[in-house]
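Report on the following structure.
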Amino acid sequence: MHSYYSFVTGPLAWIAFIVFICGSIWRFNSLWQLTKKKDSAVFEYMDRKFALRSIAHWLIPFGSRSMQLNPAMTVATFLFHICLFITPIFVFGHVMLWKENFNISWFALPNMAADVMTFIVIGSCIFFLWRRIKLPHVKYLTTPLDFIILMIVAAPFMTGFWAYHQFPGFVSMTIIHIVSGEIMLMAIPFTKLFHMFLFPFTRGYIGSEFGGVRMAKDW
Amino acid sequence: MSESKTVNDNKKTESKKIEDQGIQKGIEQLTPERIESVIRQVINDETGARLKVYVDTCLHCGLCSKGCHFFLSLKDPKFSPAAKVKQTLWEIMRKKGKVSPEFIKEAALIAYTQCNMCKRCAMYCPFGLDVAYVMSVMRRICYKLGVVPLYIQDTAHSHSVAMNQMWVKDDEWIDTLMWQEEEAQDAMENLRIPLDKEGADIFYSVIGPEPKFRAQLIFQAAVIMNAAKENWTMPSMPGWDNSDMCMFTGDYEMMERLKRLHFESALNLRAKRIVMGECGHAFRSVYDVGNRALGWRMPPIEVVHSIEYFNELFEQKKIKIRKKFERPVTLHDPCNIVRGRGLHEMARNIVNATCANFIEMTPNREHNYCCSAGGGVINCGPPFKNARVESGKEKAKQLFAAKAKGAEVVIAPCHNCHGGLEDIIHHYGVEMELKFFGDIIYEILELPE
Amino acid sequence: MSDYEEWNWDIGKKQVADLSGWQEQFPYIEELRVSSDGERVAAIVKNEDMEFTVCIQSEGEELETWETGYDKAWNLQFGPDDRLSALVSDTSEWKVCTDGETWENGYDFLWNMTFNTNGVIAVSAQKELLYSVLNNDVPWENEFSRLTGMVISPDGQKTAAVVESVPVLESEIFKFRTGCYSVAVNGETWERNFMNVWNPVFSGDSNHVAASVRTSYYDYYIAVDGKIWDTVFSSVWEPRFAPLTITKAETKVSSDANNFTNAHNYSVTAPVKKGGKWFLAKDGEIFWDRPYFQLWHHLYSPDGSTIAAIVSTEFGRWTIASDNTPWELTFSDYVSDPIFSPDGKRVACLFKENGKWGVAVDGKAWDCQFDMVWQPIFSNNGLQLAVKIKKDGNYYIAINGSILDGKYEDMANPLFSPDNSSMLIRGRQGDSYNREVISLKGRI
């Protein structure tokens, strides 16, 4: 068990981070090069002011009509994304790991808060799952991969909660937790999870087009 | 057993009811090899990161659904914007172009007749993914495969031969202008439609259907231009038509030819700017799409839509009205000049300057519902009329709501919107009258002595 | 231009027409036209019976009108030979009227009045919905269901137009694809039909016609006398024939006149699109190998040795390329009216940058910018470049980057004198239409 643990926290962790970072750079660069080669006009229309204007409206909860029309989704999405980023970085166990391995540390979340945030992520995932199964227009679009991605995202939180609270089998669960986190990291560059990096560009581009050329709002 | 089979068969014939000669005969000439090679050519040579990012980034969240009047009207998940991508480019990219002629048929129906390219969905997608662009790629593929609805293909042919949308011959155009000039002289003595006048401030261009079916609009424009004492002109030779169905069929080479002729007609006459009639798609073509295809970041000459022009006439007090238009009006915001150029506030300025009683439709401005006719859909002709009108149900509700508040007249400053709204009003029994801004202004205009 | 060297080139200004007299006499006056020598001014007017006619005035003379009044007159133009022509209609019959004399042949409609350099007139014509061309009052023998894009040959003997060689009805999209259009030269169509034909153009010797065609939605070619190039392109713009010139080296060969014709007249160039970029092609082969975002309006120097074109070197940037070498200076909005100096050594063009117009010569822009500019004109020795410009609502002449003093409310393009020492300006100042010859000595 211990050797598994050393492997997943040692080499595999390094691999996961390298794959995540290098993969993201590679994907981003290949898209950038392709844009320069095939869609160079896109750069001509990118406008910082209008790009930021659009991004801002879409980063403010209920800042767009689309968000107002889908209040449950808006609440779920915002809480989900906030918790998804905050929790892994500030959860006590992770902060300890950084301290132990690299001797750097920062603020850690109180346990209660971490639990609540974990529940929010899991709850949001259930909500997303429900949408995929129950709402016809979402169901129609859903592919098996969408469920897998949802699983990839939910797994580290479910397993982490389990491991932290030392429910039965928590030792194995800790390893599964670490692996699931690493899988998520490694999946980012190669799946739709990459949308986190593309958002500023797709939003910024349409914002520039709407603002700079079409002189209209896009929210 | 046999009973249920009959039901199924019926259902099948129901969904296959729309038959279009252009599409049907088009797919009969296809082979899988041809399909694959055309798709590869278009995807590899003509698209790049944009298409890839749009298709790869879509999270299948379905939020775009509420952006689409097809979905809102029909409540069928197949009509959400992302669903239209799923049924076309996702599949094509997933299968690397190995799709059947039957698939191309369905894809052509979706791309040409189930998307108005109104770009409303881009305002509902959190990522701003532009489904209209993806549909335009699908149309480009269909066009290159020769699978285009007959009516719109015919219109594109007209563009290629006559350089206008309606097969108007060179002489018919000039004759129509002279006829309208003469008619308008009854309203204003010595009124002119100056042909080919060099150095004019305004080069006035219209769409093919104006001389063909709605010549009174040219008459009205001439009266307004003369009342405002404008230094204006219209060209006698091809280049007068600003419309562009080639942009919508996917014939971009022809679109480039049309737009070049239009721009150069105005620039060769050393006109200061182009003022366009009340048309939306033509504006999109001249202001946004055509210029880019030719290599211009923005149009090489200032392009002004009628709304902007009329607004300017009132702001600069170049024309006067006798009295305000009395009957209560509502305003339809056309996609190509609202989401396409942000002219909605100017449109309201004109309404306020000309009409005594204005009732807003909701949602409005950038969020207004499309007329279901735009993007070349109405130009696909009678085979698709019923489906088009059904997809305008949400629009009909909007109209009924405005009517309940008292609106009697719908102002729609776009030709396609007129066509689409006319069918919706008739089909759903809305009983409202449609007008252009030009109609209203002409009706209340104070003619100079 | 007739007797250009014989014109009055004495320095001085004179009134050609007193327009206040026109306004008193006519309730309706259209745009003024002036003859190239500046001696006559004309306009379409309505006479006291409210009929259309043409009013003309020369220096010191009373204004006169054409004898007949018409239901409608339009397209008034002084031809290159300074004869004055218009299209006129009487009881719905249209005719060409030159200096008050109408042609014999009447039609249901006439348009696109076109001149060769000597002033021969051709016009597109429609009668009972059949279309043909009338060249110097001689109609084509054949008529067509549709006709457009008529051009006249340099020698004035021939006319060509795009015609519907196979009548096709609206909505017959499959028949359309088989090819229903061709070029008719003097009424005789090419042997082959195409899906579309655009921009027919004559060779310098008037013996050949080239045009842009497409044989399918995506197969574009240049056709010369009905035969397409061997190479297909994804799009093409209008072709040009190399000009007819005899250089020293070629004079020897030209002893055999036929050989000369074959060797040179057929050389045709055209902008072509391949792989999403534009190139210049010559007789079917890529001639300028550098890819451009756009390439059009190519033109030959008078001796045919150099070709220049308007090009876009990158998206949204425009300039001139001479023999495939683009200027370093590029413009954002527009480039137009490229022209070679008579010796072929210099190239000038107009440009528009940030909404203002300017003039550029050999890759350098003039300092001053204008609200509008007309076609640039080189002096005969190529040293001076003049343009008519518009600034703050008035017209001026600018030469080599400086604006001359004279201010006009209306103006024709200026002309250099044969010896380049003076310039003819024709323009309206107040109620007076003036002819002015100014000395350029000391001005530039």
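Protein chains in written order, with this note's numbering: chain A, 1 to 219; chain B, 220 to 668; chain C, 669 to 1112. Every residue gets a Cβ at the ideal spot worked out from N, C-alpha and C, and that includes glycine.
- Task: Identify, in the order they occur along the chain, each residue of the same chain with its Cβ nearer than 7 Å to the Cβ of C:GLU796, setting aside the five sequence neighbours on each side.
- Result: If you number the third sequence from 1, residue 796 of chain C lands on position 128. If we look at C:GLU796 and ignore the five residues flanking it on each side, its Cβ neighbours are ASP776.
- Return yes when the Cβ of C:MET1040 is within less than 8 Å of the Cβ of C:ILE1057, no when it is not. Here residue 1057 of chain C is taken as the residue at index 389 of the third sequence, counted from 1. Here residue 1040 of chain C is taken as the residue at index 372 of the third sequence, counted from 1. A contact, by the Cβ cut-off of 8 Å.
- Task: State yes or no: is the beta carbon of A:ALA41 nearer than 8 Å to at least one beta carbon in chain C?
- Result: Your numbering for residue 41 of chain A matches position 41 in the first sequence. It does; some Cβ of chain C falls within 8 Å.
- Message: Can you pull the chain B neighbours of C:ILE1179, defined as C-beta to C-beta under 7 Å?
- Response: No statement about residue 1179 of chain C is possible, as the shown extent of chain C runs from 669 to 1112 and does not include it.
- Tell me the DSSP bridge mates of C:TYR1076? For the purposes of this step, residue 1076 of chain C is taken as residue 408 along the third sequence, with counting starting at 1. In DSSP, C:TYR1076 forms a bridge with C:TYR1063.
- Taking Cβ positions only, does A:GLU44 come closer than 8 Å to chain C? The residue you call residue 44 of chain A lines up with position 44 of the first sequence. Chain C, which has a Cβ nearer than 8 Å to the Cβ of A:GLU44, makes this yes.
- Query: Any beta-carbon of chain B closer than 8 Å to the one on C:GLN794?
  - Reply: For the purposes of this step, residue 794 of chain C is taken as residue 126 along the third sequence, with counting starting at 1. Chain B contact via Cβ: present.
- Could you spell out where the alpha helix (DSSP H) holding B:ILE526 opens and where it closes? Within the second sequence, the letter at position 307 stands for residue 526 of chain B. 525 to 534 is the extent of the alpha helix (DSSP H) around B:ILE526.
- Message: Could you give the first and the last residue of the continuous alpha helix (DSSP H) run that contains B:PRO430?
- Response: Position 211 of the second sequence, counted from the first residue, corresponds to residue 430 of chain B. It spans 428 to 431 - the alpha helix (DSSP H) in which B:PRO430 sits, taken as one unbroken run.
- Relative to chain A, which residues along the segment 983 to 1009 of chain C have a C-beta separation below 7 Å, given in chain order? PHE983 and GLY984
- Message: Quick check: what's the CA-CA separation for C:HIS932 versus C:ILE1007?
- Response: Position 264 of the third sequence, counted from the first residue, corresponds to residue 932 of chain C. Position 339 of the third sequence, counted from the first residue, corresponds to residue 1007 of chain C. Note that C:HIS932 scores a pLDDT of 46, beneath 50, so its modelled location is shaky; the value from the coordinates is reported in the next line. Computed Cα separation, rounded: 22 Å.
- Query: Counting only runs that start and end within the segment 560 to 644 of chain B, where is the alpha helix (DSSP H) found for 4 or more residues in a row?
  - Reply: 563 to 573, 604 to 609 and 612 to 623
- Task: Measure the Cβ-Cβ separation of B:SER424 and B:HIS376 and say whether it is below 8 Å.
- Result: The count along the second sequence starts at 1 and reaches residue 424 of chain B at position 205. The count along the second sequence starts at 1 and reaches residue 376 of chain B at position 157. Against a cut-off of 8 Å, the Cβ pair of B:HIS376 and B:SER424 comes out as no contact.
- Query: Roughly how many whole angstroms lie between the Cα atoms of B:ILE660 and C:THR987?
  - Reply: One-based indexing of the second sequence puts residue 660 of chain B at position 441. One-based indexing of the third sequence puts residue 987 of chain C at position 319. Near 43 Å, if we compare the C-alpha coordinates of C:THR987 and B:ILE660.
- Starting from A:TYR5, follow its DSSP beta bridges and name the residues at the other end. Position 5 of the first sequence, counted from the start, is the residue given in the question as residue 5 of chain A. Beta-bridge pairing links A:TYR5 to no other residue.
- With distances taken Cα to Cα, identify the nearest neighbour of C:VAL851 among C:ALA754, C:THR770, C:PHE862 and C:LYS843. As a first step, residue 851 of chain C is located in the third sequence; it is residue number 183 there, counting from the start. If we check each option's Cα against that of C:VAL851, C:PHE862 comes out closest.
- Following the continuous beta strand (DSSP E) through B:ASN409, name the residue where it begins and the one where it ends. Residue 409 of chain B sits at position 190 when you count from the first residue of the second sequence. Looking at the DSSP string, B:ASN409 is not in any beta strand (DSSP E), and its letter there is neither H nor E.
- Task: Could you spell out the range, first to last residue, of the beta strand (DSSP E) harbouring B:ASP390?
- Result: As a position in the second sequence, residue 390 of chain B is number 171, starting the count at 1. Careful: B:ASP390 lies outside any beta strand (DSSP E), inside the alpha helix (DSSP H) at 389 to 403.
- Below 8 Å on the Cβ atoms is my guess for C:VAL865 versus C:PHE909; work out the distance and round it to an integer in Å. Residue numbering aside, residue 865 of chain C sits at position 197 when the third sequence is read from its first letter. Residue numbering aside, residue 909 of chain C sits at position 241 when the third sequence is read from its first letter. Contact flag wrong, Cβ pair sits at about 17 Å.
- Message: At the 8 Å Cβ level, is C:LYS1109 part of the contact set with chain B, yes or no?
- Response: Walking along the third sequence from the start, residue 1109 of chain C turns up at place 441. No, C:LYS1109 does not count as interfacial toward chain B.
- Query: Is DSSP giving B:CYS554 helix, strand or coil here?
  - Reply: By 1-based counting over the second sequence, the position of residue 554 of chain B is 335. Note: B:CYS554 maps to helix in three-state DSSP.
- Item | Rounded straight-line distance, which links the Cα of A:SER54 to that of A:ASP218 | As a working mapping, residue 218 of chain A is identified with position 218 in the first sequence. As a working mapping, residue 54 of chain A is identified with position 54 in the first sequence. If you take the alpha carbons of A:ASP218 and A:SER54, they lie about 7 Å apart.
- Query: Are the CB atoms of C:ILE697 and C:TRP690 nearer to each other than 8 Å?
  - Reply: Position 29 of the third sequence, counted from the first residue, corresponds to residue 697 of chain C. Position 22 of the third sequence, counted from the first residue, corresponds to residue 690 of chain C. Yes. Within cutoff.
- Kindly list, in the order they appear in chain B, the residues whose Cβ is closer than 8 Å to that of C:ASN1048. For the purposes of this step, residue 1048 of chain C is taken as residue 380 along the third sequence, with counting starting at 1. In chain order: nothing, as chain B lies at least about 25 Å away.
- Task: Give me whichever residues DSSP pairs with C:LYS681 in a beta bridge.
- Result: For the purposes of this step, residue 681 of chain C is identified with residue 13 of the third sequence, where counting begins at 1. Beta-bridge pairing links C:LYS681 to C:GLU1104.
- Task: Using a Cβ cut-off of 9 Å, pull out every chain A residue sitting near B:THR266, in sequence order please.
- Result: Translated into the one-based positions of the second sequence, residue 266 of chain B becomes position 47. The answer, in chain order, is LYS38 and ASP39.
- Between the CA atoms of A:MET173 and A:VAL179 - distance to the nearest angstrom: Walking along the first sequence from the start, residue 179 of chain A turns up at place 179. Walking along the first sequence from the start, residue 173 of chain A turns up at place 173. Answer to the nearest angstrom: the Cα atoms are 10 Å apart.
- Item | DSSP bridge partner residues for C:MET1040 (one or two, in chain order) | Position 372 of the third sequence, counted from the start, is the residue given in the question as residue 1040 of chain C. Answer is C:LYS1058.
- Message: Would you call the segment 497 to 512 of chain B in contact with the segment 548 to 557 of chain B, where contact means no fewer than 3 C-beta pairs closer than 8 Å?
- Response: yes
- Message: Distance cutoff 8 Å, beta carbons only. Does C:SER922 sit that close to anything in chain B?
- Response: Indexing the third sequence from 1 puts residue 922 of chain C at position 254. Summary for C:SER922: the model assigns pLDDT 42, below 50, so the residue's position carries little reliability, and this model does not support an answer.
- Which term fits B:THR452, buried or exposed, when burial requires 16 or more other beta carbons within 10 angstroms of its beta carbon? Counted from its first residue, the second sequence places residue 452 of chain B at position 233. Burial call: buried.
- Grouping DSSP H, G and I as helix and E and B as strand, with all else coil, what is A:GLY212? The residue labelled residue 212 of chain A in the question sits at position 212 within the first sequence. Three-state DSSP puts A:GLY212 in a helix.
- Grouping DSSP H, G and I as helix and E and B as strand, with all else coil, what is C:ALA891? In the third sequence, counting from the first residue as 1, residue 891 of chain C sits at position 223. Strand, per DSSP.
- Task: With a floor of 3 residues, list each beta strand (DSSP E) that falls wholly inside the segment 741 to 804 of chain C, ordered by position along the chain.
- Result: 752 to 758, 761 to 766, 777 to 783, 789 to 795 and 798 to 803
- Query: Is A:VAL19 near A:ILE175, with beta carbons less than 8 Å apart?
  - Reply: Within the first sequence, residue 19 of chain A is the residue found at index 19, counting from 1. Within the first sequence, residue 175 of chain A is the residue found at index 175, counting from 1. Contact: no.
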